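Undergrad:
In the working numbering, the protein residues as written are -9 to 186.
Shown next as structure tokens:
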């Protein structure tokens, strides 16, 4: 039989080479803020700060590589937002997407040692019948990825994801970000054409 994988959802993992230095900068940045609120998040302008240029360059390089792999054309890519998150013991982050962007990602500066990020199959029909099975990338409707310090995950902005309750005694510190591809979307010969 021929096997076709229809409409795959891509997720990429990248380990940042300069992670020790970058993680220290992120943790220090977070410690300088007032993080007493629940599910604390910084302002979304971290990408404008010089001390996070290493992270910006990693993001841009990864997006350029994956756009080449997926054969996406664009004029330029733009980081539209970047913010730090602190997930304290007992806290969770509810299901969400990142509207008005093309790619999103998360980078872990400090792992809590247990809490993973969960991604849901975007096809509602995948929730209808769930036979017993050995879970794999080809048959699961939920997939989890560990929060490992120095690791970055990149995914389509429309992909629903969340973080379950932090059942450890440690804070998890991460940086989330969004990217838009600037240029033409669709074809001028189609009714769905747009330029961003």
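All residues carry an ideal CB built from backbone N, CA and C; glycine is no exception.
Keep in mind it's a predicted model, so treat the numbers as computed, not measured.
Can you check which of these residues, 149, 106 and 134, is closest to residue 114 by C-alpha distance?
TA: 149
Undergrad: Could you tell me if residue 183 is buried or exposed, where buried requires 16 or more neighbouring beta carbons within 10 angstroms of its beta carbon?
TA: exposed
Undergrad: Leaving out five residues before and five after residue 76 in sequence, what residues of the same chain have Cβ atoms less than 7 Å from its Cβ?
TA: 20, 25, 30, 161 and 163
Undergrad: Take residue 168 and list the residues in its own chain whose beta-carbon comes closer than 6 Å to its own, dropping the five residues that flank it on each side.
TA: Once the five neighbours on either side are set aside, the close Cβ partners of residue 168 are 70, 71, 88, 91 and 94.
Undergrad: If you follow the beta strand (DSSP E) that residue 59 is part of, which residue opens it and which one closes it?
TA: From DSSP, residue 59 is part of no beta strand (DSSP E) but of the alpha helix (DSSP H) over 43 to 60.
Undergrad: Cα-Cα, which of 33, 107, 155 and 10 is closest to residue 133?
TA: 107
Undergrad: What are the boundary residues of the beta strand (DSSP E) that includes residue 16?
TA: Taken as a continuous stretch (DSSP letters only), residue 16 belongs to no beta strand (DSSP E), being part of the alpha helix (DSSP H) at 9 to 21.
Undergrad: I'd like to confirm the pairing. Which residues does DSSP put opposite residue 142 in its beta bridges?
TA: Looking at the DSSP assignment, residue 142 forms a beta bridge with 4 and 97.
Undergrad: Distance, Cα to Cα, residue -7 vs residue 129?
TA: 14 Å
Undergrad: Quick check on residue 36: does DSSP put it in helix, strand or coil?
TA: Reduced to three states, the DSSP call for residue 36 is helix.
Undergrad: By DSSP, does residue 182 sit in helix, in strand, or in coil?
TA: coil
Undergrad: Please find out if some non-hydrogen atom of the ligand SAM comes closer than 7 Å to the beta-carbon of residue 139.
TA: The ligand SAM is absent from the structure shown, which contains no ligands of any kind.
Undergrad: The beta strand (DSSP E) spanning residue 190 covers which residue range?
TA: Absent from the model: residue 190. The displayed extent of the chain is -9 to 186, so no value can be given.
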